[in-house]
Amino acid sequence: MPVRRGTPADEPALRALQSHLREPSPDLLAYGLRAGRVLVSETDAGDAVGYLLPVDGDDVHVAELVVHPDRRREGRARRLLRRALAAADGRVTLLVAPDNAAALSLYRSEGFREAGRRPGFYDDGDALFMARPPDGSGERRPGPE
């Protein structure tokens, strides 16, 4: 389950994956690829089946994390997230829909805690704002690598 840095050549495959997100940001993805910031999960054959798009600021913000539905439950999102967490110097934040049980379970198991709510963030509802402290003290629980 290789994870590598994305390149602009990955854009068509990652845009297809973006269609599985509630609120995709095509311009941000293009910028992240040009800047070499996107992490890509690929099959042994080299096909991109997931990615994580971090945005640096005062905190590292996970702007997008998606794995193709046919490749979920393989530990790909966890591996992408752990790679991003290992590279982060400070707090890591993200937004997630409150009804996304699988994502909430993953984030909580990696030490993220709810830090607020963004009313009306998504077209169909609110978003939970989650954060993981810089020292990882959010009580990370073991999960499959």
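If you read the sequence shown in UniProt numbering, its first letter stands for residue 1, the second for the next number, and so on.
Ideal placement from N, C-alpha and C gives every residue a C-beta, glycine not left out.
- [ ] Express the C-alpha separation of arginine 76 and glycine 143 in angstroms, rounding to a whole number.
- [x] Low local confidence applies: a pLDDT of 46 at glycine 143 is under 50, so the model's placement there is unreliable, and no value is given.
Task: Which of helix, strand or coil DSSP assigns to glycine 6 - done: Glycine 6 falls in the coil class under three-state DSSP.
Task: Chain-order list of residues whose beta-carbon lies under 6 Å from that of arginine 141 (same chain, five-residue window excluded) - done: Because arginine 141 sits at a pLDDT of 47, beneath the cut-off of 50, its placement in the model cannot be relied upon, and the point is left open.
Open item on the list: Pull the bridge partners of phenylalanine 129 from the DSSP assignment, please.
Closed with: Beta-bridge pairing links phenylalanine 129 to Leu95 and Gly116.
Open item on the list: If I measure Cβ to Cβ from leucine 33 and keep anything under 8 Å in the same chain, skipping five residues before and after, which residues do I get?
Closed with: Cβ within range, chain order: Gly6, Thr7, Pro8, Asp10, Glu11 and Leu14.
Open item on the list: One question on the structure: do residue 162 and valine 3 come within less than 7 Å of each other, judged by their Cβ atoms?
Closed with: For residue 162 there is no data in the structure shown, the boundaries of the chain being 1 and 145.
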